[in-house]
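Read through the structure below, which is laid out as structure tokens, and then see the notes.
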Amino acid sequence: MADVQKAWMYKEYGNFQQVLKLEQIDVPEIKPHEVLVKVHAAGLNPFDFKRGYGVIKSFDSPLPHVPGFDVAGVVVKVGSQVSKFKKGDEVYGDINGDIVEGQARQYGTLAQYTAVEEKLLALKPKNLSFVEAASLPLAILTAQEGLDRADLQEGQSLLVTGGAGGVGSLVIQLAKEVYGALVVAATASTKKLEFLKSIGADVAIDYTKENYDELPDKYDVVYDSIGDYPKSVKAVRDGGKVIEIAVFEVEPPAFSFRLVAKGENLEKLTPYIESGKVKPILDPKAPYKFSDVLDAFAYLETGRATGKVVIALI
Ligand code: NDP
Numbered sequence: 000m001a002d003v004q005k006a007w008m009y010k011e012y013g014n015f016q017q018v019l020k021l022e023q024i025d026v027p028e029i030k031p032h033e034v035l036v037k038v039h040a041a042g043l044n045p046f047d048f049k050r051g052y053g054v055i056k057s058f059d060s061p062l063p064h065v066p067g068f069d070v071a072g073v074v075v076k077v078g079s080q081v082s083k084f085k086k087g088d089e090v091y092g093d094i095n096g097d098i099v100e101g102q103a104r105q106y107g108t109l110a111q112y113t114a115v116e117e118k119l120l121a122l123k124p125k126n127l128s129f130v131e132a133a134s135l136p137l138a139i140l141t142a143q144e145g146l147d148r149a150d151l152q153e154g155q156s157l158l159v160t161g162g163a164g165g166v167g168s169l170v171i172q173l174a175k176e177v178y179g180a181l182v183v184a185a186t187a188s189t190k191k192l193e194f195l196k197s198i199g200a201d202v203a204i205d206y207t208k209e210n211y212d213e214l215p216d217k218y219d220v221v222y223d224s225i226g227d228y229p230k231s232v233k234a235v236r237d238g239g240k241v242i243e244i245a246v247f248e249v250e251p252p253a254f255s256f257r258l259v260a261k262g263e264n265l266e267k268l269t270p271y272i273e274s275g276k277v278k279p280i281l282d283p284k285a286p287y288k289f290s291d292v293l294d295a296f297a298y299l300e301t302g303r304a305t306g307k308v309v310i311a312l313i
């Protein structure tokens, strides 16, 4: 195996179009609880470029960074304490468990190889391609953690803002297929309403024509994926809960959280994915080539992606 690899890297904070460059760097060393994954596909998330702008600078790991949280690939080396995986396993995951003080990895998934703690990975669902698998971890775990924290129950109603986005499109599917919500409503712009219905939304609200917070229907749970606080609170029934993932200074009934990714939580979703009940949603422009990472980020940053933007390396 080669000692050096190609990786996208930034050495200073700023706009990726200026600071993110394709470099030749060392293949990372692995620690006892880590595996080395040959990256077949890497999923992009808005948090990649937000981190690039320095939003967690005060507690981030030192520069330089290789961005990328989501990976799907093949295990090529295992650390001395690894028990769950062996060489050749096809795995996927979000390589950052918790991004508290100094824990966000310096070297992410936009590289030919990435080192990952084994507890963050799960075996790739058998029915998914690497590109499909790489689209899921951070977004689906965020959907799951939010719905768990809000304690969404079978038979309840849910409204999702940003229903066509990476997180929102998975919230709709999990709410219906995993949590048994009776009514799922979601917001998007006019052209995406049919898409919302196609992935399970019962009610599709066109935010260019209607204010969801002024409609008569109130919901048991509101999952606000676009940071539309405090408007989101107007759509919840008395005693309901509002999940905020894009803004953090909120008051009850709203709450916010930052994802703490775990491979075991991905494993809980495997049956729903392998049965086809929950499907990865790739943006029509995806996958992008590894050489086109800057174009992929420019598109993601427009905020108009449908489902997920993914980079194929192999
Ligand atoms: P995306 O870039 O995938 O979202 C794009 C989607 O947002 C588009 O389909 C767009 O639809 C929709 N959208 C934009 N504005 C509106 C609007 N006013 N009303 C309805 N829909 C709208 O983002 P993600 O889903 O990946 O992430 C969403 C947010 O959550 C980001 O800010 C991200 O950083 C954050 N996040 C936070 C996490 C945490 O741990 N706290 C974890 C994961 C994500 P249209 O074109 O129709 O407008």
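In numbering that gives the first Met the number 0, the protein residues as written are 0 to 313.
Cβ atoms here follow ideal geometry from the backbone N, Cα and C, with glycine treated the same way.
All values derive from a computational prediction rather than experimental measurement.
What is the DSSP secondary structure of residue i, reduced to helix, strand or coil?
i    : result
Q80  : coil
F254 : strand
T305 : coil
A200 : coil
Y228 : coil
L158 : strand
E153 : coil
Y206 : coil
Is it the case that the CB of residue i approaches a heavy atom of the ligand NDP more closely than 7 angstroms?
i    : result
A174 : no
L299 : yes
S231 : no
I280 : no
Y52  : no
Y206 : yes
P136 : no
A187 : yes
V181 : Residue 181 is actually Leu in this sequence, not Val. The answer is no for L181.
F256 : yes
G67  : no
R104 : no
What first and last residue would you give for the alpha helix (DSSP H) that runs through residue i?
i    : result
T141 : P136 to A149
K196 : L192 to S197
Q16  : F15 to V18
L169 : G165 to E176
E131 : F129 to A133
Y52  : P45 to Y52
Taking residue i as part of the beta strand (DSSP E), name the residues at either end of that continuous run.
i    : result
L293 : Segment V292 to E300 is the alpha helix (DSSP H) holding L293; no beta strand (DSSP E) there.
E33  : E33 to G42
K125 : Looking at the DSSP string, K125 is not in any beta strand (DSSP E), and its letter there is neither H nor E.
D237 : V235 to E243
G262 : Taken as a continuous stretch (DSSP letters only), G262 belongs to no beta strand (DSSP E), being part of the alpha helix (DSSP H) at G262 to E273.
Y9   : From DSSP, Y9 is part of no beta strand (DSSP E); its letter is neither H nor E.
Y222 : Y218 to D223
Please classify residue i as buried or exposed, where buried requires at least 16 other C-beta atoms within 10 Å of its C-beta.
i    : result
N210 : exposed
A314 : Within the shown structure, residues of the chain are numbered from 0 to 313, placing residue 314 beyond reach of any answer.
L160 : The amino acid occupying residue 160 in the given sequence is Thr; Leu does not appear at that position. Flag for T160 reads buried.
R50  : buried
S231 : buried
I313 : exposed
Q4   : buried
Can you find a heavy atom of the ligand ATP that lies under 7 angstroms from the Cβ of residue i?
i    : result
V166 : Questions concerning the ligand ATP fall outside what the structure shown contains, since the ligands it does hold are the ligand NDP.
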